[in-house]
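Inspection log for the structure reproduced underneath, given as structure tokens.
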Amino acid sequence: MIRLAIHGGAGELDDSVDTSEQRAALRRIAAEGLQMLKDGASSVDAVERLVLRLEECPLFNAGIGAVLNRDGAPELDAAIMDGRDRRCGAVAGARRARSPIHLARTIMERSPHVMFQGEGADAANVELGLDSVDPEYFIIELRRRQLRKAQQHNVVVLDHDSAFGTVGAVALDADGHLAAATSTGGLTNKLPGRVGDTPIIGAGTFADDRSAAVSCTGTGEVFIRVGVGFEIDARMRYAGSSLVDAGARTLDDVSKLGGRGGFISIDRHGNIAMPFNSAAMFRAWVGDDGEIGVAVGAD
Numbered sequence: 001m002i003r004l005a006i007h008g009g010a011g012e013l014d015d016s017v018d019t020s021e022q023r024a025a026l027r028r029i030a031a032e033g034l035q036m037l038k039d040g041a042s043s044v045d046a047v048e049r050l051v052l053r054l055e056e057c058p059l060f061n062a063g064i065g066a067v068l069n070r071d072g073a074p075e076l077d078a079a080i081m082d083g084r085d086r087r088c089g090a091v092a093g094a095r096r097a098r099s100p101i102h103l104a105r106t107i108m109e110r111s112p113h114v115m116f117q118g119e120g121a122d123a124a125n126v127e128l129g130l131d132s133v134d135p136e137y138f139i140i141e142l143r144r145r146q147l148r149k150a151q152q153h154n155v156v157v158l159d160h161d162s163a164f165g166t167v168g169a170v171a172l173d174a175d176g177h178l179a180a181a182t183s184t185g186g187l188t189n190k191l192p193g194r195v196g197d198t199p200i201i202g203a204g205t206f207a208d209d210r211s212a213a214v215s216c217t218g219t220g221e222v223f224i225r226v227g228v229g230f231e232i233d234a235r236m237r238y239a240g241s242s243l244v245d246a247g248a249r250t251l252d253d254v255s256k257l258g259g260r261g262g263f264i265s266i267d268r269h270g271n272i273a274m275p276f277n278s279a280a281m282f283r284a285w286v287g288d289d290g291e292i293g294v295a296v297g298a299d
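First residue of the sequence shown: 1, per the UniProt record's numbering; consecutive thereafter.
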């Protein structure tokens, strides 16, 4: 049994917005991940590849096309977790790592540490022999326009309020192992150094073979306060809740604190839950029938 789900962020999307490009990208990327799992790839390999492809796609807020901070610079966060033994790796505020999710994976496998931030993350990228780029590599004109608009109104724009936000993937491989990965540029016009839930293990990214794999998108500060990933895990393992029930109750906690967004999740039995409390969440999945599904709103 193999399962996967990916997301391209949650948002308050206007019905008039054409999402055909995003839907096509999600379907194409999900198809690549599905083929990997069919060919025997591990869940960790699959989620890294899926998120890498999403980072490379300028339609989403991660890697190329990431939003910009108050100074007009990208600061990139990412995390990955292996459900077999809860190994994990994360980066926060990276500016020069060509692929934040690949850096997170490499930290997980080749470093005694779990997380690097800021200049330390970029230094680790060099030390580990990975590709570095000029920060301009990530910047597209759309994000410059969004930053100018946000600064004119003196606001910080939450990633879920833009059409396309944080990206993530969860997977269950043929050996029954779970994994999760998430990557983001964060918030438009954020203060330099701000870190959201994405690289926080147990908040925006979590995987444990005993329960579920989870990747979140939304109001990062609230998702950290709730500890969304671990909250779902705790409800499942200690209260005996199903994935769907644990996810619904956890999202209700997020809503009560004023948070918006959602998450994708898969449990050890292959059940998939993708709840959200925003108008839309860009997502694709492979379920019981082995077919790829793609959706944006409640459709």
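Even glycine gets a Cβ: it sits at the ideal position worked out from N, Cα and C.
Tell me the residue span of the alpha helix (DSSP H) that contains residue i.
| i | result |
| --- | --- |
| ASP13 | According to the sequence as given, residue 13 is Leu; it is not Asp. No alpha helix (DSSP H) contains LEU13, which DSSP labels as neither H nor E. |
| ASP267 | ASP267 -> not in any alpha helix (DSSP H); beta strand (DSSP E) instead, spanning 261-267. |
| SER255 | 243-256 |
Is the beta carbon of residue i less than 7 Å from the beta carbon of residue j?
| i | j | result |
| --- | --- | --- |
| PRO192 | PHE138 | no |
| ILE101 | GLY89 | no |
| GLY259 | GLY218 | yes |
| LEU243 | ALA273 | yes |
| GLY83 | ALA169 | no |
| LEU37 | ILE6 | no |
| VAL226 | CYS216 | no |
| LEU59 | GLN22 | yes |
| ALA284 | LEU13 | no |
| GLY297 | LEU172 | no |
| ALA78 | ALA104 | yes |
| ALA181 | ILE80 | yes |
| GLU55 | SER183 | yes |
| ALA30 | ILE292 | yes |
| ALA248 | PRO275 | yes |
| PHE263 | VAL214 | yes |
| PRO135 | ARG87 | no |
Tell me where the beta strand (DSSP E) around residue i begins and ends.
| i | result |
| --- | --- |
| VAL156 | Per DSSP, VAL156 belongs to no beta strand (DSSP E) and is neither H nor E. |
| ALA284 | 280-286 |
| GLY293 | 292-295 |
| GLY168 | 167-172 |
| LEU178 | 178-184 |
Give me the Cβ distance between residue i and residue j, rounded to the nearest whole Å; I'm assuming they're in contact under 8 Å.
| i | j | result |
| --- | --- | --- |
| ARG98 | ASP122 | Not quite, the Cβ-Cβ distance comes to about 11 Å (not below 8 Å), so this is no contact. |
| THR188 | ALA212 | Actually they do not touch by this definition, with Cβ atoms about 31 Å apart. |
| THR250 | GLU231 | 5 Å |
Taking the alpha carbon of residue i as the reference point, which residue from the options has its own alpha carbon closest?
| i | options | result |
| --- | --- | --- |
| VAL114 | ALA92, VAL126 and ASP134 | ALA92 |
| ILE2 | GLY33, GLU136 and ILE224 | GLY33 |
| GLY261 | ALA284, THR166 and GLU136 | THR166 |
| LEU68 | LEU52, PHE116 and VAL156 | VAL156 |
| ARG70 | ARG110, ARG144 and GLY220 | ARG144 |
| SER255 | GLY196, ARG86 and ASN277 | ASN277 |
| TYR238 | GLY65, LEU54 and ARG210 | ARG210 |
| GLY176 | PHE282, ALA66 and ILE266 | ILE266 |
| ASP15 | ALA280, ILE224 and ASP134 | ALA280 |
| SER42 | ALA174, GLN152, THR19 and ARG235 | ALA174 |
| GLY118 | LEU142, GLY40, PRO199 and ARG87 | PRO199 |
| ALA10 | PRO112, ALA24, VAL286 and ASN61 | ASN61 |
| GLY202 | PHE223, LYS190, ARG194 and VAL195 | PHE223 |
| ASP85 | ALA94, GLU109 and GLY72 | GLU109 |
| ALA66 | VAL126, GLN146 and ARG87 | GLN146 |
| THR205 | ASP233, ARG53 and ILE140 | ASP233 |
| GLN35 | LEU4, ASP252 and THR19 | LEU4 |
| LEU52 | GLY72, THR19, GLY8 and ALA24 | GLY8 |
| ASP286 | THR19, ARG28 and ASP18 | Contrary to the premise, residue 286 reads as Val rather than Asp in this sequence. The shortest C-alpha separation from VAL286 is found at ARG28. |
Can you confirm whether residue i, when its beta carbon is compared against all beta carbons of chain D, has any partner nearer than 7 Å?
| i | result |
| --- | --- |
| ILE139 | Of the protein chains in this structure there is only one, and it is not chain D. |
Segments assigned beta strand (DSSP E), at least 3 residues, entirely inside the stretch 34-120: 76-82, 87-94 and 115-117
Minimum length 3: unbroken beta strand (DSSP E) runs contained in the stretch 203-232: Listed in chain order, the complete beta strand (DSSP E) runs (minimum 3 residues) inside the stretch 203-232 are 205-207 and 212-218.
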